[in-house]
Amino acid sequence: MTPVQRAKVWRGVLDGSVRAVVGARSALFLPFRELGMLVLDEEHDGAYKQSDGVNYHAHDMAIVRAHLANARVVLSSATPSVETRNNANVGRYAHVLLTSRFAEAAMPNITAIDMRIDGPEKGQWIAPVLAREVFAALDRGEQALLFLNRRGYAPLTLCRACGHQYQCPDCSARMVEHRFRGVLMCHHCGHEMRTPKTCSACGVEDTLIAVGPGIERVAEEAAARFPDARRVILSSDMGSNAQLRERFSEIERGEYDLIIGTQLVSKGHHFEKLSVVGVLDADLGLAHGDPRG
90 MTPVQRAKVW
100 RGVLDGSVRA
110 VVGARSALFL
120 PFRELGMLVL
130 DEEHDGAYKQ
140 SDGVNYHAHD
150 MAIVRAHLAN
160 ARVVLSSATP
170 SVETRNNANV
180 GRYAHVLLTS
190 RFAEAAMPNI
200 TAIDMRIDGP
210 EKGQWIAPVL
220 AREVFAALDR
230 GEQALLFLNR
240 RGYAPLTLCR
250 ACGHQYQCPD
260 CSARMVEHRF
270 RGVLMCHHCG
280 HEMRTPKTCS
290 ACGVEDTLIA
300 VGPGIERVAE
310 EAAARFPDAR
320 RVILSSDMGS
330 NAQLRERFSE
340 IERGEYDLII
350 GTQLVSKGHH
360 FEKLSVVGVL
370 DADLGLAHGD
380 PRG
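Shown next, in the form of structure tokens:
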């Protein structure tokens, strides 16, 4: 919103002519005269935490704000945060359950694939069972999604000759290969360098190998596996917001058969023709000691 629009809303809230506000974190600080209810949609989302300028967690501040105004709070989520779920379990919060989905939508059938038993060939990441499901969906004229929450081509680059691993010189995090752009990038601080041809530790040529899957590597495998499918890759580092919105519109119109994407395709979209979702390296988010994994 422009500063003029923001000022207009601020005045409308102050004089009471604006009765309902849909806003981001900063909307908490509007001068409500008679606040009656605060609704936090997707209350588990990490985006409620602000770390630049003033540090605060809008989730917790909303509860404090409602308490000061003697207002009600609705914390809405299909996957509640650990704290909220615990507060509901011990009776601090009232727990309201929605037992059916919007428009009577059915719950999906979820199957876990043990990659030790039904895994793909070495160097590949799409299990045979999943590949068959994708082929079946494509044959029916439906769409399929391959989801991996890891940008780039591979999360680790190392030298076969000496074992050297490429780490960020600024923060020691592993450098992630982005093959489409020809760079190694630190996802922690943003440091970049051109992908080298020789190992910087031992000087041997053509010994650098990519270890593990990233979204670009999955797209490469998908191109080989499903050559006739119309494919699109969606990742936050591939294009502007306007370009991403255009891709989403094209998917909704059925212009793509196979969608390969990171977490930005996993929530808030309604693709009617999408019937199969493959979550690759599914225990990825559980392996780093994150209680919200």
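Each residue of the sequence shown is one higher than the last, beginning at 90 in our numbering. The C-beta atom is built at its ideal place from N, Cα and C for all residues, glycine as well.
Does DSSP put Q256 in a helix, in a strand, or in coil? strand
CB L219 to CB A318, shorter than 9 Å?
It is not a contact, given that the beta carbons lie outside the stated cut-off.
Report the rounded CA-to-CA distance for G328 versus I202, giving the unit in angstroms.
33 Å
Looking only at C-alpha atoms, which of A262, A147 and S355 sits nearest to L369? S355
| task | Output yes or no for whether 9 Å exceeds the beta carbon distance between I348 and S324. | result | no
Checklist line | Identified DSSP bridge partners for E266 | finding: A243 and L273
Can you tell me which residues form a DSSP beta bridge with G230? Answer is none; G230 lacks a bridge partner.
Alpha carbons only, please: which of A195, R205 and E266 is nearest the one belonging to D326?
For the residues A195, R205 and E266, the minimum Cα distance to D326 belongs to E266.
Under 9 Å, do R249 and L297 count as touching if we go by C-beta distance?
yes
With 16 other Cβ atoms within 10 Å as the buried cut-off, status of G350: Only buried fits G350, as 16 or more other CB atoms lie within 10 angstroms of its CB.
| message | So, with DSSP's three-state summary, where would you put K97? | response | helix
Can you tell me where the alpha helix (DSSP H) with M126 in it begins and where it stops?
Counting along the chain, M126 falls outside any alpha helix (DSSP H), though it belongs to the beta strand (DSSP E) covering M126 to D130.
Inset, instruction - Using only alpha-carbon positions, find the residue among A299, R205 and C278 that is nearest to Y242. - result: A299
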